[in-house]
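Just below is one structure, and these are the notes that go with it.
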Amino acid sequence: MPIRVLSEEVSSAIAAGEVVERPSSIVKELIENSLDAGSTVLQVQIKGGGKSLVQVADNGSGIPRSEVKLAIERYSTSKLETIDDLHAIRTLGFRGEALASIAAVSRMVVTTRAVGEKAGTRLRVEGDRVGEIEAIGSAEGTTVEVKDLFFNVPARRRFLKSDTTERGRISRLVKRYAMAYPNRRFELSSEGRLQLQSSGNGDPIEVLAKVYSLELAQQMIPVTKASSQGITVSGFVGAPFVNRSNRREITLFVNGRWIQDVSLGSAVIQAYHSFLMVGRFPIVVISIDVPPESVDVNVHPTKAEIRFEDPGLVFSIVQRAIRATLLGQAPVQPISMEPIWSGSSSAQNFGSSEPIERTIEPASQRTLTVPILRSVGQVAATYLVAEGPDGVYLIDQHAAHERVLFEKLMAQVESQRPESQGLLQAETIELTEVEADIVQRNLSALESLGFKIEPFGAQTYRVRAVPAVVSNLSPERALRVVVEDFEEDESPLAAHIEARLAARVCKRAAIKAGQVLSVAEQRQLILDLERSASPRTCPHGRPTMVHLSVAALERQFGRRG
Ligand code: ADP
Ligand code: MG
89 MPIRVLSEEV
99 SSAIAAGEVV
109 ERPSSIVKEL
119 IENSLDAGST
129 VLQVQIKGGG
139 KSLVQVADNG
149 SGIPRSEVKL
159 AIERYSTSKL
169 ETIDDLHAIR
179 TLGFRGEALA
189 SIAAVSRMVV
199 TTRAVGEKAG
209 TRLRVEGDRV
219 GEIEAIGSAE
229 GTTVEVKDLF
239 FNVPARRRFL
249 KSDTTERGRI
259 SRLVKRYAMA
269 YPNRRFELSS
279 EGRLQLQSSG
289 NGDPIEVLAK
299 VYSLELAQQM
309 IPVTKASSQG
319 ITVSGFVGAP
329 FVNRSNRREI
339 TLFVNGRWIQ
349 DVSLGSAVIQ
359 AYHSFLMVGR
369 FPIVVISIDV
379 PPESVDVNVH
389 PTKAEIRFED
399 PGLVFSIVQR
409 AIRATLLGQA
419 PVQPISMEPI
429 WSGSSSAQNF
439 GSSEPIERTI
449 EPASQRTLTV
459 PILRSVGQVA
469 ATYLVAEGPD
479 GVYLIDQHAA
489 HERVLFEKLM
499 AQVESQRPES
509 QGLLQAETIE
519 LTEVEADIVQ
529 RNLSALESLG
539 FKIEPFGAQT
549 YRVRAVPAVV
559 SNLSPERALR
569 VVVEDFEEDE
579 SPLAAHIEAR
589 LAARVCKRAA
599 IKAGQVLSVA
609 EQRQLILDLE
619 RSASPRTCPH
629 GRPTMVHLSV
639 AALERQFGRR
649 G
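Take the sequence shown: its position 240, counted from the start at 1, is 328 in my numbering, and no numbers get skipped.
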């Protein structure tokens, strides 16, 4: 084919493809525009996961009638004038491309009324067909309605995921903005049903509770505000025992802009080192403010990637701020306790039966590792009771033992000296196709845990040794335990796979709930737990212990207000 200049129609669609990848990119651009316009209320409506409709209505400054046609031209912006302005961007938008790109691949209607204008203005655009300016009654602010995304670019439409997936992306995006801008009211509805509504009253905890849950919001620790060399870090970090299997809930904003930065993401993860098991990720909402001239946001059309003048500095300030917060604050999961007298008819006499102990104790009462504990006894053959300097600890014996075994096993993996129990006679085991596939792909990881296995036909394996911790199980059971219902992780790094396989082995090998332990066994388990690197959570991220402080006891017994 001969080389030729692309038609206007094609080239605009191609450029649009960069900014408008999917419905959530449209939502992001429109939200940014509304924020730039000083809006305090942002209402997002979607249909069909945003493929049939994305609409963002705001109460911002609006667009003057004389400029509405210009606004949808490519490279038209009110936010930038000279090249110099590009070096210190204070607004979220600056490329002047979003409205043009969106209009090029959808049926778009802009309805707006600028502050001071008597009537509103409406403009319709369908692909490359721009309509005429119409006068219309409307409130101050702007509503952009985007219908039938990629109606004229079917190839791009095919790349979109299911409505559910696209809706999920939009919902996560709106939630992130709502959390980063607690003083703006965000609403999201899908198919006419309200999905999220923040009040805009400026209370970040309230937004966290809306986005996650009240319980989780109460486990979010405010970052001890850190400022250094013009860089400020603020926000919330989740207590380590609330965690996730992927990094999706790490939300980072730089100068009010949501960004996806691998390096900053690892600064966050590093700050949690030893607080979280490998393969678990925290819930974090962090805002980083830097002087605008020290960051280049003009790196990528979606503006999700940025370049810092001194990335190392930002990295270390973020990492240290979060680490310091965790060291000072990470609570042992507080017990939620009903007053002992509640539930009876006398409850109303005491006013309320609200859970009492929801508070996070002051930092001075807590330390990073678990304090020296004195074993007191066992309850329900499931929980160990221990006393520490600051109250009572209830320990889940199964979760605690999982943690202890897990660290022991991972130490063996790391030193490449797994404790293996050889079988007197090798055993041949037939697996399902799925299980065999998992074993085949993870042979070396299984070996580093102490299995000695070799293929013996298509779905058959010969087991010669098993990890010592599961030597009480039949070899067949031991192997199945590891591969049953195993789902591949999103990032199956070798180290993660080993940790995940090890966690499975330990879950099976650990002391069960309902198992009576001797006094010596109870003491030993508490001692082992104290010595582990991350004593507060089991390898799957559940808490190993809850804490009932002396202060809480005193409140319960009415000794203190
Ligand atoms: P950019 O945001 O990079 O300037 P856009 O194409 O997104 O480019 O928007 C073009 C212009 O239209 C903006 O510079 C702004 O002046 C105006 N505009 C867009 N959306 C809004 C809005 N919601 N409220 C007020 N003005 C808007
Ligand atoms: Mg914009």
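Beta carbons: idealized from backbone N, C-alpha and C, even for Gly.
Quick caveat: nothing in here was measured; it's all calculated off a predicted structure.
Query: What alpha helix (DSSP H) runs, 4 residues minimum, are completely inside the region 224-252?; Result: 242-245
Query: Identify the residues that DSSP records as bridge partners of Phe-324: which are they?; Result: Pro-310 and Val-373
Query: Please say whether Val-198 and Val-232 have beta carbons closer to each other than 8 Å?; Result: yes
Query: Let me make sure I understand the geometry here. Which of Phe-239, Ala-266, Glu-337 and Asn-386 has the alpha-carbon closest to that of Thr-179?; Result: Asn-386
Query: Determine the direct distance from the alpha carbon of Met-633 to that of Gly-646, and round the result to whole angstroms.; Result: 25 Å
Query: Could you name the residues of the same chain whose beta carbon sits closer than 6 Å to that of Gln-453, not counting the 5 residues immediately before and after it, in chain order?; Result: Low confidence applies to Gln-453: its pLDDT is 33, below 50, so where it sits in the model is not reliable, and the reading given next is rough at best. Around Gln-453: Asp-478.
Query: Would Val-132 and Glu-275 qualify as a contact pair, given that the criterion is a beta-carbon distance under 8 Å?; Result: yes
Query: Return yes when the Cβ of Ser-375 is within less than 8 Å of the Cβ of Gly-323, no when it is not.; Result: yes
Query: Considering only C-alpha positions, which residue in the set Asn-121, Leu-174 and Val-593 is nearest to Ser-149?; Result: Asn-121
Query: If you run the structure through DSSP and keep just helix, strand and coil, what is Gln-513?; Result: strand
Query: In this structure, what does DSSP give as the bridge partners for Ala-474?; Result: Ser-463 and Tyr-481
Query: According to DSSP, simplified to helix, strand and coil, what is Ser-637?; Result: strand
Query: Just the C-alpha distance for Glu-515 and Arg-568, rounded to the nearest angstrom, thanks.; Result: 13 Å
Query: Does the ligand MG have a heavy atom nearer than 7 Å to the CB of Asn-386?; Result: no
Query: Hey, would you say the C-beta of Thr-390 is under 7 Å away from at least one heavy atom of the ligand ADP?; Result: no
Query: For Glu-393, which three-state DSSP category applies?; Result: coil
Query: Suppose the cutoff is 7 Å on Cβ atoms and the five residues either side in sequence are ignored; what does the same chain contact list for Leu-493 look like?; Result: Val-557, Cys-594, Ala-597 and Ala-598
Query: Tell me Lys-600's beta-bridge partners as DSSP assigns them.; Result: Partner(s): none; Lys-600 has no beta bridge.
Query: Check whether the Cβ of Asn-121 sits closer than 7 Å to any heavy atom of the ligand MG, and report yes or no.; Result: yes
Query: Rounded to whole angstroms, how far is the Cβ of Leu-261 from the Cβ of Ser-112, which I believe are closer than 8 Å?; Result: 5 Å
Query: Looking at Gly-538: is its Cβ nearer than 8 Å to the Cβ of Pro-555?; Result: yes
Query: What span of residues does the alpha helix (DSSP H) with Thr-413 cover, start to end?; Result: 399-417
Query: Helix, strand or coil: how does DSSP classify Asp-384 here?; Result: strand
Query: Where does Ile-114 fall in DSSP's three states?; Result: helix
Query: So, for Thr-128: in the same chain, excluding its five sequence neighbours on each side, which residues have a beta-carbon less than 7 Å away from its beta-carbon?; Result: Asn-147, Arg-272, Arg-273 and Gly-288
Query: Exposed or buried, what is Thr-457 when buried is set at 16 or more other beta-carbons lying within 10 Å of its beta-carbon?; Result: exposed
Query: Does the distance from the CB of Ala-409 to the CB of Val-330 come in under 8 Å?; Result: no
Query: Considering only residues of the same chain and omitting the five flanking positions on each side of Val-156, which have a CB-CB separation below 8 Å?; Result: Val-198, Thr-200, Thr-209, Leu-211 and Ile-221
Query: Taking the alpha carbon of Ile-405 as the reference point, which residue from Gly-318, Asp-616, Asp-173 and Glu-535 has its own alpha carbon closest?; Result: Gly-318
Query: Put Glu-449 into one of helix, strand or coil per three-state DSSP.; Result: Low confidence applies to Glu-449: its pLDDT is 32, below 50, so where it sits in the model is not reliable, and the reading given next is rough at best. Three-state DSSP puts Glu-449 in coil, outside helix and strand.
Query: Nearest CA to the CA of Arg-565: which residue from Val-372, Ala-608 and Leu-519?; Result: Leu-519
Query: What's the C-alpha gap between Ala-601 and Ala-468?; Result: 9 Å
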